[in-house]
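Data block below; observations after.
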Amino acid sequence: MTDPLPTLERLPRGALTLFRIVALIRIGVYGAVAFGVALSLSLAGVEHWPFLVPCAVVLGLSVLTAWYPQRAHERWGWALREHDLVISHGVLLRQVVSIPAGRIQHVDVHQGPIERSLGLARLQVFTAAGSGADGEIPGLTRETADALRERLVRRESDDVV
Numbered sequence: 008m009t010d011p012l013p014t015l016e017r018l019p020r021g022a023l024t025l026f027r028i029v030a031l032i033r034i035g036v037y038g039a040v041a042f043g044v045a046l047s048l049s050l051a052g053v054e055h056w057p058f059l060v061p062c063a064v065v066l067g068l069s070v071l072t073a074w075y076p077q078r079a080h081e082r083w084g085w086a087l088r089e090h091d092l093v094i095s096h097g098v099l100l101r102q103v104v105s106i107p108a109g110r111i112q113h114v115d116v117h118q119g120p121i122e123r124s125l126g127l128a129r130l131q132v133f134t135a136a137g138s139g140a141d142g143e144i145p146g147l148t149r150e151t152a153d154a155l156r157e158r159l160v161r162r163e164s165d166d167v168v
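In this note's numbering, the protein residues as written are 8 to 168.
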């Protein structure tokens with residue numbers, strides 16, 4: 008019988024840098040949208056107080072950016088067990104996903120420009136049931152992602168025969 012809650016592998020330290028960069032990009036995008044809305048309201052003749060809204064949005068996002076990436080990094084984990092892949096994550100809402108090895112259709116490794124510059128990759132696991140990735144592990148080292156992909160693909164081909 009397998010352990011119901013296995014010891015999880017943790018993401019490398021570089022994943023925390025990735026999470027922080029993504030959070031900073033979000034601040035920039037959301038802050039720009041908030042300032043755009045405030046500027047539109049101001050040009051439409053609404054009082055000057057709408058400029059307090061984007062300031063509050065940017066301040067709130069700044070606090071979240073300092074807190075959230077660290078917590079997200081601490082909560083991400085994965086374990087490759089005999090019959091499944093377990094992925095656990097979530098800061099406010101904890102999610103534990105178990106993907107049975109026999110259901111895995113294919114496994115992809117992706118690198119965006121930020122991930123590539125940090126030497127990281129994102130592993131995506133697809134099953135027949137879903138229209139998108141059924142499991143995803145961001146922030147793995149490229150070597151770990153490739154090795155995990157090979158182990159999952161090898162396991163998949165062993166189950167077919």
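No residue lacks a Cβ here, since even glycine has one placed at the ideal position from N, Cα and C.
Checklist entry - Are the beta-carbon atoms of residue 23 and residue 95 separated by less than 8 Å? => result As a first step, residue 23 must be located in the sequence shown, where it is residue number 16. As a first step, residue 95 must be located in the sequence shown, where it is residue number 88. It is not a contact, given that the beta carbons lie outside the stated cut-off.
Checklist entry - When DSSP builds the beta bridges, which residues end up paired with residue 111? => result Reading the sequence shown from its first residue, position 104 is the one you call residue 111. For residue 111, which the question treats as bridged, DSSP gives the partners 134.
Item to check | Opposing strand residues paired with residue 117 [DSSP bridges] | outcome: As a working note, residue 117 is residue 110 in the sequence shown. DSSP lists 129 as partners of residue 117.
Checklist entry - Going by C-alpha distance, which of 43, 156 and 31 is nearest residue 69? => result Working through the sequence shown from its first residue, we reach residue 69 at position 62. Answer by Cα proximity: 31.
Checklist entry - Curious, which full-length beta strand (DSSP E) runs of at least 3 residues does the region 78-102 contain? => result 84-87 and 91-96
Item to check | residue 142: first and last residue of the uninterrupted alpha helix (DSSP H) it sits in | outcome: Stepping through the sequence shown from its first residue, residue 142 is reached at position 135. No alpha helix (DSSP H) contains residue 142, which is instead part of the beta strand (DSSP E) from 142-148.
Next on the checklist: Against chain D, with Cβ distances strictly below 8 Å, would residue 138 count as a contact?
Outcome noted: Although the question refers to chain D, the structure presented lacks it and comprises just one protein chain.
Checklist entry - Should the region 102-111 be regarded as contacting the region 62-77, the criterion being three or more beta carbon pairs within less than 8 Å? => result no
Item to check | DSSP state of residue 54 mapped onto helix, strand, coil | outcome: Translated into positions along the sequence shown, residue 54 becomes position 47. In the structure shown, residue 54 sits in coil (DSSP, three-state: anything other than H, G, I, E or B).
Item to check | Straight-line Cα distance separating residue 63 from residue 39 | outcome: Against the sequence shown, residue 39 aligns to sequence position 32. Against the sequence shown, residue 63 aligns to sequence position 56. So the two alpha carbons sit approximately 13 Å from each other.
Checklist entry - Just how far apart, CA to CA, sit residue 18 and residue 60? => result The count along the sequence shown starts at 1 and reaches residue 18 at position 11. The count along the sequence shown starts at 1 and reaches residue 60 at position 53. Between residue 18 and residue 60, the C-alpha separation is close to 36 Å.
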